[in-house]
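Taken in order, the sequence shown gives residues 46 to 343; the numbers are from the working numbering.
Some notes on the structure that comes next.
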Amino acid sequence: MSDGVDRHSESRVVQLRHQGEAAAATLPALMAEATRIAATVAQGVHGRRRAGVGESFWQYRHHRPEDGRAAVDWRQSARSDQLFVRQNEWEAANTVWLWRDGSPSMRFSSSKDHASKIDRAAVCQIAMAALLTQGGERVAVLGESAIARTGALGLERTSRRLALGPGDMTAVEAPNIGRFGRVVLASDFLDPPETWAARLSRFSTMEAEGVLMRIVDPAEEDFPYSGRTRFENPGGGEGLLFGRAEEARSTYRQRWAEHGEALAALARQFGWSVVTHRTDLPATSAVLALYRALARDA
46 MSDGVDRHSE
56 SRVVQLRHQG
66 EAAAATLPAL
76 MAEATRIAAT
86 VAQGVHGRRR
96 AGVGESFWQY
106 RHHRPEDGRA
116 AVDWRQSARS
126 DQLFVRQNEW
136 EAANTVWLWR
146 DGSPSMRFSS
156 SKDHASKIDR
166 AAVCQIAMAA
176 LLTQGGERVA
186 VLGESAIART
196 GALGLERTSR
206 RLALGPGDMT
216 AVEAPNIGRF
226 GRVVLASDFL
236 DPPETWAARL
246 SRFSTMEAEG
256 VLMRIVDPAE
266 EDFPYSGRTR
276 FENPGGGEGL
286 LFGRAEEARS
296 TYRQRWAEHG
306 EALAALARQF
316 GWSVVTHRTD
326 LPATSAVLAL
336 YRALARDA
């Protein structure tokens with residue numbers, strides 16, 4: 046019995062090692078592409094005014110129970126019947142939390158000429174990490190980084206986690222970040238909008254804002270299929286079989302557009318932005334749009 050268990054354990058270790066080596070083999074290519082994109086987009090990242098521990102006054106806000114008595118600015122509070130807290134400009138580097146969805150649907154690619162959604166998301170997020178660390182800001186991977194870092198060390202650790210990490214959904218369902226964090230979530234966002242509403246509401250309680258980077262394979266938007274076509278469920282569930290797929294094209298495209306509109310409305314509701322990117326287009330355009338959206342929301 047023990048020999049069987051040992052052989053099974055050894056076989057499992059070998060299997061995991063091979064899987065890890067195969068995954069790691071993609072890292073240099075992803076890093077090279079991301080570095081090239083970051084160099085193309087780089088315009089310099091300027092400090093953003095955020096609440097923090099700096100000495101320059103920024104604003105007053107209403108006192109919250111969790112702030113405690115010591116945080117009250119009594120001079121300002123004496124001028125009204127409400128309690129206020131004095132907030133100062135954050136002179137330290139801002140922290141941006143990045144996340145790349147690792148769901149099975151993200152591994153889809155309709156053509157060998159297009160990157161998979163998961164690889165394109167990783168490339169864009171790594172390029173963003175490069176731009177942010179060049180500007181002196183701290184970056185971390187949501188759900189996978191305990192400490193946000195800047196500089197070469199921050200970029201190296203963040204890049205590896207974005208390329209090889211699991212991208213677990215629990216990271217967005219129970220985010221562990223501080224107040225006023227900036228967040229970039231890269232996913233295909235195929236879950237129902239109400240599911241994402243519940244997730245974004247958790248960020249809202251932390252006064253975090255950011256950008257939703259919606260990664261789309263061209264076939265998902267165009268639905269170019271015709272004739273007898275079977276669609277497999279990437280999660281392993283029951284698929285769909287169409288006798289004449291082209292007959293469903295109009296309805297599908299309408300539903301797809303409605304889903305995108307619902308996601309955009311949801312983002313606006315929480316003060317976020319949406320950047321939609323098709324994998325048949327250059328990644329540079331997506332990173333530039335991400336950078337601009339993050340700067341605009343700051």
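Think of the CB as a built atom: it goes at the ideal place given N, C-alpha and C, for glycine as much as any other residue.
Asked	Found
Go through the stretch 228–311 residue by residue and report every complete run of the alpha helix (DSSP H) that reaches 4 residues or more, in order.	238–249 and 263–267
Could you give the first and the last residue of the continuous beta strand (DSSP E) run that contains Leu143?	Thr140 to Arg145
When the Cα of Ser249 is compared with those of Ala174, Pro220, Gly212 and Arg289, which residue comes out closest?	Pro220
DSSP on Arg95, reduced to helix/strand/coil?	Reliability of the predicted coordinates at Arg95 is poor, the pLDDT of 48 falling under 50, and no value is obtained from them.
Are Thr140 and Val186 closer than 9 Å when you measure CB to CB?	no
If distances are taken between C-alpha atoms only, which option among Thr195, Thr203 and Ala302 comes closest to Gly181?	Thr195
Smallest Cα separation from Ala166: which of Thr178, Asp146 and Asp158?	Asp146
So, using beta-carbon positions, are Ala231 and Ser155 closer together than 9 Å?	no
Would Gln299 be called buried (16 or more neighbouring beta carbons within 10 Å of its own) or exposed?	exposed
Looking only at its chain, what residues have a beta carbon closer than 8 Å to the beta carbon of Phe129, apart from the 5 residues adjacent to it on each side?	Tyr105, Arg106, His107, His108, Val117, Asp118, Gln121 and Ser122
In terms of residues, what are the limits of the beta strand (DSSP E) holding Arg183?	Arg183 to Val186
Give the straight-line distance between the Cα atoms of Cys169 and Ser330, rounded to the nearest whole angstrom.	10 Å
Would you kindly report the start and end of the unbroken beta strand (DSSP E) that includes Thr321?	Ser318 to Arg323
Could you spell out the range, first to last residue, of the alpha helix (DSSP H) harbouring Ile163?	Lys162 to Gln179
In whole angstroms, give me the CA-to-CA distance for Ala96 and Ser271.	Any reading at Ala96 is ruled out, since the residue's pLDDT is 48, under 50, leaving its predicted position unreliable.
Based on Cα-Cα distance, which residue from Glu239, Gly280, Leu285 and Glu283 lies nearest to Glu218?	Glu239
What is the DSSP secondary structure of Ala340, counted as helix, strand or coil?	helix
Among residues of its own chain, excluding the 5 on either side of Leu333, which ones have a beta-carbon nearer than 6 Å to its beta-carbon?	Val86
If we define contact as Cβ-Cβ less than 9 Å, is Ser190 a contact residue for chain D?	Protein chain content of the structure displayed is limited to a single chain, and chain D is not contained in it.
So what does DSSP say about Arg106, is it helix, strand or coil?	strand
With DSSP as the reference, please indicate the residues paired to Phe129 in a beta bridge.	His107
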